[in-house]
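Heads up: the structure comes next, in structure tokens.
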Amino acid sequence: MARAPARGAGTPVAITLPPSPGACKMARTPADAPAGTRRAQEDTVAKDTPDPADVELPSTLERSDEKARETYAAAKASAVGSYGDGERANRTAWAALKHTHEKVGDHWEPKDGKGPSDAQAEGGAGTDRPTAGGVDANASKEHLLDLARRLDVPGRSSMTKDELVEALQRANDAETRRSRG
18 MARAPARGAG
28 TPVAITLPPS
38 PGACKMARTP
48 ADAPAGTRRA
58 QEDTVAKDTP
68 DPADVELPST
78 LERSDEKARE
88 TYAAAKASAV
98 GSYGDGERAN
108 RTAWAALKHT
118 HEKVGDHWEP
128 KDGKGPSDAQ
138 AEGGAGTDRP
148 TAGGVDANAS
158 KEHLLDLARR
168 LDVPGRSSMT
178 KDELVEALQR
188 ANDAETRRSR
198 G
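In terms of the working numbering, the sequence shown opens at residue 18 and continues consecutively.
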């Protein structure tokens with residue numbers, strides 16, 4: 018080890034540190050990692066993660082573009098690997114889809130920009146606010162009016178932005194019911 022410079026010397030001195038305590042140990046592979054360790058758990062999760070192609074898609078996504086289906090399937094497969102196949106995995110997959118797509122009628126279409134679609138999505142997991150059911154509530158009123166025109170929502174021209182979001186939710190739900198038969 019080098020000595021520290023004398024006070025006021027002004028010339029920096031390189032200090033050599035001893036190797037860290039674990040540096041000389043052999044790295045363990047996941048197969049020989051002790052049970053219950055993070056490394057062993059990561060290996061198990063990787064083996065349990067389903068292939069996105071094997072994920073069953075909801076009917077609204079079957080009527081949507083390939084990007085929407087891929088986004089949902091990849092997020093669902095990853096979430097199933099992390100959380101198991103249950104409600105949390107489903108919520109995670111829908112949240113991922115809603116960041117890139119919005120529901121229009123009975124299917125999903127890409128949004129103009131990525132980001133949260135409503136107050137619930139902005140707040141994250143600990144937030145308890147109502148969702149907009151796939152409608153991009155953060156979109157401009159012009160965009161919402163355009164969607165309302167496409168879905169033939171009556172009274173749309175005199176609605177506030179919040180009223181448009183609610184009307185679009187109802188119209189989307191009605192279209193989805195019609196498509197399912």
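We treat Cβ as the ideally placed atom computed from N, Cα and C, and that holds for glycine.
- Excluding sequence positions up to five before and after residue 124, its CB lies within less than 7 Å of the CB of 77, 80 and 81, all in the same chain and listed in chain order.
- At a Cβ-Cβ threshold of 9 Å, residue 170 and residue 156 do not count as neighbours.
- Between the alpha carbons of residue 75 and residue 90 lies a gap of roughly 10 Å.
- Annotated as proximal: residue 88 and residue 114, with beta-carbon spacing under 9 Å.
- Excluding five sequence positions before and after residue 153, the CB atoms of its chain that fall closer than 6 Å to its own CB belong to 119, 128 and 134, given in chain order.
- Between residue 109 and residue 84, the C-beta spacing is not below 9 Å.
- Remark: C-beta atoms of residue 72 and residue 94 approach each other more closely than 9 Å.
- Cβ neighbours of residue 167 within its own chain (closer than 8 Å, five residues either side excluded): 121 and 122.
- Annotation for residue 158: the continuous alpha helix (DSSP H) segment containing it runs 158-167.
- If you draw a straight line from the Cα of residue 187 to the Cα of residue 160, it comes to about 17 Å.
- Inclusion of residue 150 and residue 190 in the CB contact set at 9 Å is warranted, their separation being smaller than that value.
- With 16 or more other Cβ atoms inside 10 Å of its own Cβ, residue 165 counts as buried.
- The residues 178, in chain order, have a CB closer than 6 Å to that of residue 158 in the same chain once the five nearest residues on each side in sequence are set aside.
- By the CB criterion at 9 Å, residue 105 and residue 92 fall outside the cutoff.
- Taking a 10 Å sphere around the C-beta of residue 197, we find fewer than 16 other C-beta atoms and assign the residue as exposed.
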